[in-house]
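Asks: One structure, as structure tokens, below. Some questions next.
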Amino acid sequence: MANWSVILNIAKTHLLTKIKQTSTAALGVTFGIGAYITLVCFMTGLNGMLDDLILNQTPHIHVYNEIEPSKKQPISIYDNVNNSFNIVHSIKPKLSQKKIHNALPIIKYLEDNTDVRGALPQIKTQIFYIAGSIELGGNLTGINAIDEAIFFNMGDYIVEGSAEALQNTDNGILLGIGIAKKMSLKVGDRVQISPINGGIFPLRIVGFYQSGIADLDAIQSFTNIKTVQRILGKANNYITDINVKLFDIEQAVSLSKKIEQQFGLSAIDIKTANAQFETGTTIRNLITYAVSITLLIVAGFGIYNILNMLIYEKMNDIAILKATGFSGKDVQLIFMSQAMIIGFVGGVLGLFIGYGLVSLIDTIPFQTEALPTVETYPINMNPLFFVIGFSFAMFSTFLAGYLPSKKAKKIDPVKIIRGQ
Amino acid sequence: MSIVLEAKHINKYFKKPVMFHVLKDINFQVKKGEFVSIMGKSGCGKSTLLYILSTMDTDYEGELFLNNKLVTEQNREYLSYLRNKHIGFVFQFHYLLSEFSVLENVMLPAKKLAEKSHQEIENDAMEKLKMLNIDHLAKKRASRISGGEKQRVAIARALINNPSIIMGDEPTGNLDSHNAKNVFNIFEQLSNEQGLSLLVVTHDEDFAKKTDRIIQMEDGKIMV
Chain A
1 MANWSVILNI AKTHLLTKIK QTSTAALGVT FGIGAYITLV CFMTGLNGML
51 DDLILNQTPH IHVYNEIEPS KKQPISIYDN VNNSFNIVHS IKPKLSQKKI
101 HNALPIIKYL EDNTDVRGAL PQIKTQIFYI AGSIELGGNL TGINAIDEAI
151 FFNMGDYIVE GSAEALQNTD NGILLGIGIA KKMSLKVGDR VQISPINGGI
201 FPLRIVGFYQ SGIADLDAIQ SFTNIKTVQR ILGKANNYIT DINVKLFDIE
251 QAVSLSKKIE QQFGLSAIDI KTANAQFETG TTIRNLITYA VSITLLIVAG
301 FGIYNILNML IYEKMNDIAI LKATGFSGKD VQLIFMSQAM IIGFVGGVLG
351 LFIGYGLVSL IDTIPFQTEA LPTVETYPIN MNPLFFVIGF SFAMFSTFLA
401 GYLPSKKAKK IDPVKIIRGQ
Chain B
1 MSIVLEAKHI NKYFKKPVMF HVLKDINFQV KKGEFVSIMG KSGCGKSTLL
51 YILSTMDTDY EGELFLNNKL VTEQNREYLS YLRNKHIGFV FQFHYLLSEF
101 SVLENVMLPA KKLAEKSHQE IENDAMEKLK MLNIDHLAKK RASRISGGEK
151 QRVAIARALI NNPSIIMGDE PTGNLDSHNA KNVFNIFEQL SNEQGLSLLV
201 VTHDEDFAKK TDRIIQMEDG KIMV
């Protein structure tokens, strides 16, 4: 027989006449939720940025031809020495080609796989940048620039020029920013490069590349696959690496094993390559949630305290309500709804404060050499956090209100009326 | 005449701090329209009896009938409903909800009962206040009015659901003689004009003498 309008009216009057205590309790929730939203949006934003830093550029599976010694030396195949003890000194890697055999059919095969978002060919080679009489060692990677921009966010790391410009310019080069500084080069200039097997090729600079890792930027440059093939004097099926991007990163391990077995190539999945990285993310998330939950629990205790006090103050009211026909449940509902109102108002305010702070942080400049595309502090404003924050506000105030209100329910009116 | 309230063989024990037999085989009836007072010395168990009769105290032996229906052993929800609908209370200490206005205090039990619309309840409440000559106080906060006025507000509240019986625990005990007389007159008027049953615990002999019947209690027993 709960009569909500009466119950809520009493709850409202209690809250409004004790507006100071009410607002203190609500502010506790507000700050708890506000801090939670701010913290979680900021931390996950930061985490996301750090994740992207690695994950965006890293292929989910990297397929290449490893230069390594034969697993089985020829002597062990020879039956005559089967039962004898043999030692081979000075084992050398097996002579094999750097290129992936049948690379183009393999790429086609991989792209037909439904788990694969894209499989991109690359040619990696060592070159020298020639500046007058000085030769600077470096790496040149041949890529399909536009595909790289689509699948590996290449565009984020091109600080001048664009992926399209590289794709469209024959003999173009995307120069690492470190090299450009060393050699005082601008976009539009020409740079001469020399592959290890000799010859000098002038390439036109179409843009600069900055990964954020200074050591890498001082050696790494990109050009078209065809340009590299021409520089090296190889045919157009010469591919040294295949970078695979999947729809689901969890598939990386199993698919990489399959590729290794099927094609006799080396395939490294992202989890193996960046194991320590994932640990860092997990721990940062753990800290974020531990701090947030602590804040909310503190707010919950505040509500518990204030409701407890309120119930002691309202003993007479409780007795009189019960004497005039309100049941224990009604009285409990009165105090529960007070807790829930505090939780609701405090929670909603907290969401607004959190939103405000997060929006503010989002505008604070954050410029660092390491992250060329980031201009302000990274924020991950996920609506889910707001839902979680609000639910937790309601849940914690429910718990904080439940115990005191249960006490109010059990108060024996006779004891209080006689006690006077 | 129909019987409003009937107690049969009511016994009550206080178990703490030591076993104590407070009420010993209480039997009596209150008829419709009767104005009954319970008298006795402090500690004789008259308040204890009243709380049992009011259904607030359920820890007793024996049987209690309200409007000829057995009340004993009913669940608490139902007892709350009974108190709400059939029993009006007036206490020694006025026990109004101090943060609410006089009118709201009077309206509250009727809102809980929820048998009438808000407007009807408000009209009823104003009518009760007018009858007790305190309608000018309706909008005042309950904490801002005098003791005598508070007691009249409490009576108005007790009347709001047109109960079968009004119970009072020393309703005049905390009032000066003028206000006490006032309250008595109101009770008498209710009894005579509206046929309301009244059961009042009192110390005040003058008050008791003017009622229809006095139940004299001593050491947990009713003296005849």
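Which chain is which? The protein sequence lines are A and B, in order. Mapping of the first sequence onto this note's numbering: residues 1 to 420, in sequence order. Mapping of the second sequence onto this note's numbering: residues 1 to 224, in sequence order. Each residue gets a CB set at the ideal place from its N, CA and C atoms; glycine is no exception.
Straight-line CA distance for K410(A) to G328(A)?
Replies: When rounded, the distance between both Cα atoms is 7 Å.
Asks: I'd like the span of the beta strand (DSSP E) that includes Q192(A), first residue to last.
Replies: 190-195
Asks: Against chain A, does N84(B) count as a neighbour if the rule is that its beta carbon must be under 8 Å from one of theirs?
Replies: With its beta carbon less than 8 Å from one in chain A, N84(B) belongs to the interface.
Asks: For A138(B), name the three-state secondary structure that DSSP assigns.
Replies: coil
Asks: Am I right that I188(B) and F35(B) are in contact with their C-beta atoms under 8 Å? What's the rounded C-beta distance?
Replies: The displayed chain sequence assigns Glu, not Ile, to residue 188(B). Contact holds; Cβ gap of about 7 Å.
Asks: Pull up the CB-CB distance for G350(A) and G32(A), whole angstroms please, since I reckon it's below 8 Å.
Replies: 7 Å
Asks: Restricting to runs no shorter than 4 residues, where is the alpha helix (DSSP H) found entirely within the stretch 210-275 of chain A?
Replies: 214-217, 225-232, 252-263, 270-273
Asks: Who are the Cβ neighbours of S54(B) in its own chain at under 8 Å, not counting the five residues just before and after it?
Replies: Taken in chain order, the residues that qualify are R83, I87, F89, M167.
Asks: Under 7 Å between beta-carbons, which chain A residues line up against S42(B)? List them in chain order, please.
Replies: Result: empty, since nearest Cβ-Cβ is about 12 Å, beyond 7 Å.
Asks: Taking just the CA atoms, how far does E63(B) sit from I229(B)?
Replies: Residue 229(B) is absent from the model: chain B starts at 1 and stops at 224.
Asks: When the Cα atoms are used, what is the spatial distance from T17(A) to K139(B)?
Replies: Rounded to the nearest angstrom, the two C-alpha atoms are 16 Å apart.
Asks: Is I19(A) close to chain B, meaning its C-beta is less than 8 Å from at least one C-beta of that chain?
Replies: no
Asks: Is there contact between the stretch 232-242 of chain A and the stretch 55-74 of chain A, where contact requires at least three CB pairs shorter than 8 Å?
Replies: Yes: at least three Cβ pairs fall under 8 Å.
Asks: Is there a Cβ of chain B sitting closer than 8 Å to that of P413(A), yes or no?
Replies: yes
Asks: Output, in chain order, the set of chain B residues within a Cβ distance shorter than 7 Å of N327(A).
Replies: In the sequence as displayed, the identity of residue 327(A) is Ser instead of Asn. Ordered by position in chain B, the residues that pass the 7 Å Cβ test against S327(A) are R76, E77, S80.
Asks: Going by the CB atoms, is the gap between L140(A) and I193(A) shorter than 8 Å?
Replies: yes
Asks: Kindly indicate which residue of K257(A), F277(A), E278(A), Q276(A) has the alpha-carbon position closest to the one of I268(A).
Replies: K257(A)
Asks: In whole angstroms, what is the alpha-carbon distance linking P93(A) and Q229(A)?
Replies: Counting only the Cα atoms, Q229(A) lies some 25 Å from P93(A).
Asks: Closer than 8 Å by beta-carbon distance: list the chain B residues that pair up with T397(A), in chain order.
Replies: The contacting residues do not exist; T397(A) stays about 22 Å from chain B at best.
Asks: Excluding the 5 residues flanking D362(A) on each side, which residues of the same chain have their C-beta closer than 7 Å to its C-beta?
Replies: T376, Y377, I379
Asks: Check whether chain B comes within 8 Å of Y249(A), counting only Cβ atoms and requiring the distance to be less than that.
Replies: Going by the sequence as given, residue 249(A) is Ile instead of Tyr. It does not: the Cβ of I249(A) has no partner Cβ on chain B nearer than 8 Å.
Asks: For the structure I just gave you, are there three or more beta carbon pairs, one from the stretch 42-58 of chain A and one from the stretch 270-285 of chain A, closer than 8 Å?
Replies: Under the three-pair Cβ rule at 8 Å, the stretch 42-58 of chain A counts as touching the stretch 270-285 of chain A.
Asks: Considering only C-alpha positions, which residue in the set H21(B), I26(B), H9(B) is nearest to Q216(B)?
Replies: I26(B)
Asks: If contact means a Cβ-Cβ distance below 9 Å, which residues of the stretch 93-104 of chain B contact chain A?
Replies: F93, Y95, L96, L97, S98, E99, F100, E104
Asks: Just tell me which of F91(B), F14(B), R141(B) has its CA closest to the CA of E99(B).
Replies: Distances from the CA of E99(B) to each of F91(B), F14(B), R141(B) were compared; the closest alpha carbon is that of R141(B).
Asks: Taking CB distances under 8 Å as the criterion, tell me whether R157(B) reaches chain A.
Replies: yes
Asks: Name the chain A residues that come within less than 9 Å of A114(B), Cβ to Cβ?
Replies: M1, N3, S5, V6
Asks: Considering only the alpha carbon of each residue, which of E193(B), A154(B), F184(B), N192(B) lies closest to A323(A)?
Replies: A154(B)
Asks: Relative to the C-alpha of L97(B), which residue among E77(B), R157(B), L196(B) is closest?
Replies: R157(B)
Asks: V29(A) and G325(A) - do their beta-carbons sit closer together than 8 Å?
Replies: no
Asks: Quick check on the DSSP output: what are the complete beta strand (DSSP E) runs of length 3 or more inside the stretch 146-203 of chain B, in order along the chain?
Replies: DSSP assignment within the stretch 146-203 of chain B yields the following whole beta strand (DSSP E) runs of 3 residues or more, N-terminal first: 165-169, 197-201.
Asks: So is I283(A) in contact with chain B if we call contact Cβ pairs under 8 Å?
Replies: no
Asks: Taking the C-alpha atoms as reference points, what is the distance between L265(A) and A393(A)?
Replies: Near 54 Å, if we compare the C-alpha coordinates of A393(A) and L265(A).
Asks: How is F352(A) classed by DSSP in three states: helix, strand or coil?
Replies: helix
Asks: Which residues bound the alpha helix (DSSP H) around L8(A)?
Replies: Run containing L8(A): 4-17, per the alpha helix (DSSP H) assignment.
Asks: Would you please state the rounded distance, in angstroms, between the beta carbons of F128(A) and G138(A)? I believe it to be under 8 Å.
Replies: 7 Å
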